[in-house]
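Notes for the one structure printed next.
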Amino acid sequence: MNNTITQDLSLLTLVGNASLPVQLVMLLLLVASLVSWWFIFRKLFALRQEIKQTNEFESVFWRGSDLNILYQRAASARHAIGSMERIFEAGFREFTKYQVGIDIGPLMESTRGAMRAVYQREMDRLESHLSFLATVGSVSPYVGLFGTVWGIMNAFRELSNVGQATIAHVAPGIAEALIATAMGLFAAIPAVVAYNRYANDTAQLATRYESFIEEVSNVLQRRAAKTRDGKNF
């Protein structure tokens, strides 16, 4: 008798005996959880690599390295560099269009515009799939709750057809309903934690990139001024 009850209340048995709407809810939550975990690990490695590349390039840049050499390196390995280096490469490429006699103001505006355009593309890339994690984190508990409510409704509907109700009659229905809630939380919690972590990392990178754009603009503006005055540097 006890073995039969244990078997009846096993996870696979409860899922298999659940009503079709509850099973669909569980399947949806399982797929959402698997996809969110895929994005969590992809974003983890991508952001780690991005932070490493940003630190390395920022260190090289502020050591006073020759800007022409940095630009040539970035231009020759455009697909293997980080976002900050891409921003620099776009700005310096626009800056090299400068010719003596041209007003520095429009030149610097176009240089900042080129860096801003690359900055926006890079931020879109870094923020990709974060909205999916946010959606899974916010919606999954409610989807699981819907499955729970539906399962409990079925449990009480079946209970009404029983002459003498006991816990043995209602327990399987309640248990299968609660599995949907558990699956909703299982999908939501990692997605919320990952979203908060990655959103914070992305925001910090965005701040660093914006500061870098302004600092590079100042460096290039001084370089253009010295060129205009005929000074070597």
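To convert, note that position 101 of the sequence shown is 101 in full-length UniProt numbering; the numbers rise steadily by one, no gaps.
Backbone N, C-alpha and C fix where the C-beta goes; we use that ideal spot for every residue, glycine too.
Secondary structure note for I81: it is in no alpha helix (DSSP H), with a DSSP letter that is neither H nor E. Across the structure, A187 and A199 are spaced so that their CA atoms are roughly 18 Å apart. Relative to the Cα of Q72, the nearest Cα in the group R42, M108, F88 and E122 belongs to F88. Looking at I104, L27 and L29, the one whose alpha-carbon comes closest to that of K226 is I104. Within the UniProt domain "MotA/TolQ/ExbB proton channel" (83-210), the complete alpha helix (DSSP H) segments of 4 residues or longer fall at 83-95, 104-126 and 130-159, listed in chain order. A206 and G113 have their alpha carbons spaced roughly 16 Å apart.
Around the C-beta of V136, 16 or more other C-beta atoms lie within 10 Å, and the residue is accordingly described as buried.
Annotation: the continuous alpha helix (DSSP H) that includes S76 extends over L67 to S76. The C-beta of F45 has fewer than 16 other C-beta atoms within 10 Å across all chains shown, which makes the residue exposed. With 16 or more other Cβ atoms inside 10 Å of its own Cβ, H129 counts as buried. In the pairwise beta carbon analysis, the segment 136-146 is classified as touching the segment 20-32: at least three pairs are separated by under 8 Å.
In the three-state scheme derived from DSSP, where H, G and I count as helix and E and B as strand, W38 is classed as helix. S217 carries a helical assignment under DSSP once its states are collapsed to helix, strand and coil. At a Cβ-Cβ threshold of 8 Å, I213 and Y119 count as neighbours. With contacts defined by Cβ atoms closer than 8 Å, I174 and A191 do not form a contacting pair.
Taking C-alpha positions only, T148 is separated from A182 by approximately 9 Å. In this structure, DSSP gives S59 a helical state, which the three-state scheme calls helix. Contact check for F132 and F39: beta-carbon distance about 6 Å, within the 8 Å limit, so the pair qualifies. When C-alpha distances from E210 are compared across F95, S83 and L185, the shortest belongs to S83. E85 sits close to Q53, with the two beta carbons spaced by under 8 Å. Shown here for A77: not one same chain residue has a beta carbon closer than 8 Å to its own, the five before and five after excluded. Spatial neighbours of L67 in its own chain (CB-CB distance under 6 Å, excluding positions within 5 residues in sequence) are not present. A distance below 7 Å between beta-carbons, with the five flanking residues on each side excluded, links M153 to no residue of its chain.
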